[in-house]
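J.: Pasting a structure here, questions to come.
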Amino acid sequence: MARRSKSAVSDYPVDVVENIVDIDVSAEMETSFLEYSYSVIYSRALPDARDGLKPVQRRILYMMQQMGLRPDKGHVKSARVTGEVMGKLHPHGDAAIYDAMVRLAQPFALRLPLVDGHGNFGSLDDGPAAARYTEARMAPAAQALTADLEEDVVDFVPNYDNQFMQPSVLPAAFPNLLVNGTTGIAVGMATNMAPHNLREVIAGTRHLIAHPEATLKDIMKFIPGPDLPTGGTIVGLGGIRDAYETGRGTFKTRAKVSIEQVSPRKQGIVVTELPYMVGPEKVIEKIKDGVNSKKLTGISDVVDLTDRTNGLRLVIEIKNGFNPEAVLAALYKHTPLEDSFGINNVALVDGQPQTLGLLDLMRVYIDHRLNVVRRRTEFRLGKRTDRLHLVEGLLVAILDIDEVIQIIRESDETAQAREKLKVVFDLTDTQANHILELRLRQLTKYSRLELEAERDTLQQEIAELQRILSSDAALRELVSEELAEVAERYGTDRRTQLKTKDDMQVAIEAVTAQSKAKKSLGLALEIADDPCWVLLSASGMMGRTPGKPIREALVDPGKRFKHDVFTSIVPTTARGEIGAVTSAGRMVRLSVMDIAVLDENGGTPSMASAVKAAELVQLAKGEKLVALVPLNTVLALATAGGVIKRLNPDYPLNQTEWDIMKLKDDDEIVAAAPCPTDDMVLTFVTRDAKLLTFDAAKVRPQGRTGGGIAGIKLADGDRLIALGVTAPGDAAEVVTVTNGKDGLASAKVTALSEYPQKGRATGGVRAHRFLTGESQLALAWVGVGPAKAASSGGVARSLPTEHGARDGSGVMLTQSIGIVGPNYAAVSAAMAVSPEGEKLF
């Protein structure tokens, strides 16, 4: 850098007086910081307690109203709105203005959105598109905030360069601060207010208007707690009451979840609502982090099925063998499925930041609204009074309009005409000027009757306005009625569920203790290997009882439901395996964990929550599922051609399916049942009502490749339809049902001891004598039934026509009478009474 020359220094004037002021840096910093803090608090970060808006939000809504962007008009580019607000009212960056407008349009951020956005306004996980791409207009609710601005209801203040005027506060026809909440960070303070339900807030406000002395307990009957835009559940109301009382408090929010059978083999936790301001991508990320860090176990996959049609749907698949309740408790602990919301009700009151409780917030709003309606009433009263004054002048002049015209024509100037009109008709300056300003064409619409009708209307309106202004009770009543109209127009049902009791806290504490102490505290993460029963219904539905032995009520016809007619009942354990026998001679290994758990109704498992067996067992075309069987015992298999086979349980351990019987081309398995010992009794029933019974010792157990031996000799066209396996000494019975003509049928119950045992591979004896119109059996069953099943004494009885097997296939009878299992037979209530009213069984 070049040095300054001496000649340059000598050019300065010699009479310069130096004035150096010493200032205290700490004092200057304090003053500057206070000015900056006040600017941030008052002009940017904190909302006004009256309309619940920050300055930028207020300016956006006011400018949109001035631009005519009403809900019934078209959308305009967001950049245009942003530019108007920035150029005329808000001298800050366009990004800050656009971000504020975006929040006003997001339904997941505001309980009652104030801007109607068109385009990508962002989501909980992603930001919005640029302002040049999106469009916006006022939402219907925003009109309620800006209504009546032209009627001098609020004070207007100059903008930043004194060229335009803007409202210092909006009229706010509803308590926006409570309904939509807000968040903001100022200097040395912050605000965080929860959204509420519009109907509840207005109901509480109306009660406080009518009863100014109401307590917080009274108001909380109307406003029990926040109502978050995204729904979810609020757990524990203690923090809410603290916030309503002092302005500060904390409460827990949880996602709305349900445990469902997401596939035939898996259960899952389905999330349909998330805590406030929590997005699904954030939840998925936290779940993945928890699984990788071993904080979360038992989760196999997370699938986001959210779409615009069905809304949020997040499916968290649970591994087999894990307790969904325990996994859910761990998710609440380690992921945003449970979040906390801290209420800090800081807002501006008369330009000063204050922490307000619920009653204080409502009283500030009520005072503001009373003042707005009072000023609006005064404005309207003034307008109507002025109009009445003019109408009265016109009524005076209209009586002699010709003289009025003559006075005007004879006057040399306006002032002279005005004075003559005032003297002749006793008018005021305002009335005379109004008459002079009338055009000749306007005289055609004036008539005495019309003016008198307008005068009477104005007088009535003025009297009503004066009544409102003269009575505080009338003013409060008017404000309350207008609030009720707003609630009716814009109110919606509550979305957030409130729970006073945390029913998951014990589970969460148990999960926490297990993670620390590595021991169970009553909520095992993995499902115990408890006893259960797997059920297969005659209509092809499969399910398992919820971890406990089956009850006698299972066979009570009065407690059974649709699909609750059982063809197989297999005892097993929750972590065990069973086999599924198909008509093609295959056995499929099934994990009990993959089978849906049944709901209970009064202790009775209901097959209404079961799944289709075809979803668990893949069947070829024409192949049918015959029965479910245990894998640890000898089985008896019977085919339609009368072949019998006893199968040893030497199944492969590394395969999920295998062949269990070699069949002829035209044959198929029709029955399968456990037959563990040689002293069991085998009973065959054919379609032609032939019955053969003999000891199982005559059939030696074979391996999987064996083809079986002859069981019963069949006549041409006959086929086996039932196999019964009973223990010696059992009071077994034989149930046979025919397919009658025109839907008629007959049923018969006979003790198995009535039939003599014959040799294997013989034709057997007749089990049912056909009545007129009957040709074959539709259904047969052999086993131990309830005692009342023997009351028919073996005599065939006609069944009700409307419940008969109309097509002869036995399908309807299978669903109505049905087979309940290897130990029980039951008849449905509809089939238990004959046309004459006599019990059949």
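First residue of the sequence shown? That's 1141 in our numbering, and the numbers climb one at a time after it.
Ideal Cβ positions, reconstructed from N, Cα and C, are used throughout, including at glycine.
#1: Considering only their Cβ atoms, is the gap separating D1191 from V1309 smaller than 8 Å?
#2: Does DSSP put T1779 in a helix, a strand or coil?
#3: Identify the residues that DSSP records as bridge partners of F1481: which are they?
#4: What residues match up with M1305 in a beta bridge as DSSP calls it?
#5: If you run the structure through DSSP and keep just helix, strand and coil, what is L1793?
#6: Excluding the five sequence neighbours on either side, which residues of its own chain have a C-beta within less than 7 Å of the C-beta of P1364, listed in chain order?
#7: Candidates P1896, T1876, A1780: which alpha carbon is nearest D1856's?
#8: Please list the segments of the alpha helix (DSSP H) lying wholly inside the stretch 1410-1442, counting only runs of 4 or more residues, in order along the chain.
#9: Since N1332 is in the beta strand (DSSP E), which residue starts that stretch and which ends it?
#10: When we look at the beta-carbon of M1305 and count the other beta-carbons within 10 Å, is it buried (16 or more) or exposed?
#11: By DSSP's criteria, A1276 is part of a beta bridge. Which residues make up the other side?
#12: Could you say which of A1466, H1474, S1480, T1412 lies nearest to T1449 if we only look at CA atoms?
#13: Which whole-angstrom value is the C-beta distance of P1268 and N1260, which I expect to be below 8 Å?
#14: Nearest-angstrom Cα distance between F1519 and E1291?
#15: Can you list, in chain order, the residues of its chain whose CB lies under 7 Å from that of S1749, leaving out five sequence neighbours each side?
#16: So within the stretch 1316-1403, which uninterrupted alpha helix (DSSP H) runs reach at least 4 residues, ignoring any that extend past its ends?
#17: Distance check for S1183 and E1136, CA to CA, integer angstroms please.
#18: In the stretch 1471-1527, which residue ranges form an unbroken beta strand (DSSP E) of at least 3 residues, counting only runs that do not cross its ends?
#19: Quick one: what's got a C-beta closer than 6 Å to A1312's C-beta in the same chain, skipping five residues either side?
#20: Which value, in whole angstroms, describes the spacing of the CA atoms of G1461 and T1817?
#21: For the candidate residues A1907, G1762, M1681, D1382, whose alpha-carbon lies nearest to that of S1708?
#22: Along the alpha helix (DSSP H) that carries R1199, what are the first and last residues, could you check?
#23: Comparing alpha-carbon positions, which option in V1402, R1549, M1820, T1833 lies nearest R1453?
#24: Return helix, strand or coil for Q1758, following the three-state DSSP convention.
#25: Would the stretch 1807-1823 count as touching the stretch 1768-1780 if we require 3 or more Cβ pairs under 8 Å?
#26: Within the same chain, show all residues whose beta-carbon is closer than 7 Å to that of E1692, passing over the 5 residues directly before and after it, in chain order.
#27: Which of helix, strand or coil does DSSP assign to I1735?
#28: Looking at L1623: is its Cβ nearer than 8 Å to the Cβ of I1342?
#29: When you compare the CB positions of A1383 and I1483, do they come within less than 8 Å of one another, or not?
#30: Identify the continuous beta strand (DSSP E) that holds R1190 and give its terminal residues.
#31: Let me check understanding here. Comparing Cα to Cα, which of T1437, G1913, I1409, R1394 lies closest to M1417?
#32: Can you give me the C-alpha to C-alpha distance between F1173 and V1165, rounded to a whole angstrom?
#33: So, do the stretch 1911-1926 and the stretch 1854-1869 have three or more beta carbon pairs nearer to each other than 8 Å?
#34: Secondary structure at E1617, three-state DSSP: helix, strand or coil?
#35: If you run the structure through DSSP and keep just helix, strand and coil, what is Q1407?
#36: Pull up the DSSP beta-bridge partners for I1458, would you.
T.: Taking the structure as given:
#1: In this structure, D1191 lies closer than 8 Å to V1309 by Cβ.
#2: It is a strand residue.
#3: Note: F1481 sits in a beta bridge opposite F1391.
#4: Beta-bridge pairing links M1305 to P1298.
#5: DSSP places L1793 in coil when its eight states are reduced to three.
#6: So the list reads L1638, once near-sequence residues are dropped.
#7: With distances taken between Cα atoms, D1856 lies closest to A1780.
#8: Taking only runs of at least 4 residues, the alpha helix (DSSP H) segments lying wholly in the stretch 1410-1442 are 1420-1432.
#9: Bounds of the beta strand (DSSP E) holding N1332 are 1330-1333.
#10: M1305 comes out exposed.
#11: Beta-bridge pairing links A1276 to V1216, G1257.
#12: For the residues A1466, H1474, S1480, T1412, the minimum Cα distance to T1449 belongs to T1412.
#13: Between the beta-carbon of P1268 and that of N1260 there is about 6 Å, and that keeps the pair under the 8 Å contact cut.
#14: Inter-residue distance for F1519 and E1291 is about 6 Å (C-alpha atoms, whole angstroms).
#15: Answer for S1749: G1683, A1736, L1738, D1739, listed in chain order.
#16: Runs of the alpha helix (DSSP H) inside the stretch 1316-1403: 1316-1320, 1338-1350, 1356-1360, 1378-1386.
#17: This structure does not reach residue 1136, given that the chain is present from 1141 up to 1981, and the question cannot be answered.
#18: Counting only runs of 3 or more, we get 1478-1484, 1486-1489, 1492-1495.
#19: By the criterion of a C-beta distance shorter than 6 Å, A1312 is surrounded in its chain by D1191, L1285, once the five residues flanking it on both sides are discounted.
#20: G1461 and T1817: Cα-Cα distance of roughly 33 Å.
#21: Ranking A1907, G1762, M1681, D1382 by Cα distance to S1708 puts M1681 first.
#22: Counting along the chain, R1199 sits inside the alpha helix (DSSP H) bounded by residues 1195-1206.
#23: The shortest Cα separation from R1453 among V1402, R1549, M1820, T1833 belongs to V1402.
#24: In the structure shown, Q1758 sits in coil (DSSP, three-state: anything other than H, G, I, E or B).
#25: Touching, yes.
#26: For E1692, the predicted structure reports a pLDDT of 46, less than 50, and the residue's modelled location is therefore unreliable. The matter cannot be settled from this model.
#27: Coil, per DSSP.
#28: L1623 places its beta carbon less than 8 Å from that of I1342.
#29: Here A1383 is near I1483, since their CB atoms are less than 8 Å apart.
#30: For R1190, there is no enclosing beta strand (DSSP E), as DSSP marks it with neither H nor E.
#31: Nearest neighbour of M1417 by Cα position, chosen from T1437, G1913, I1409, R1394, turns out to be R1394.
#32: Inter-residue distance for F1173 and V1165 is about 12 Å (C-alpha atoms, whole angstroms).
#33: Of all C-beta pairs linking the stretch 1911-1926 to the stretch 1854-1869, three or more are shorter than 8 Å, placing the two stretches in contact.
#34: E1617 sits in a helix when the DSSP states are folded into three classes.
#35: Strand at Q1407.
#36: In the DSSP output, where bridge partners are listed per residue, I1458 has I1439.
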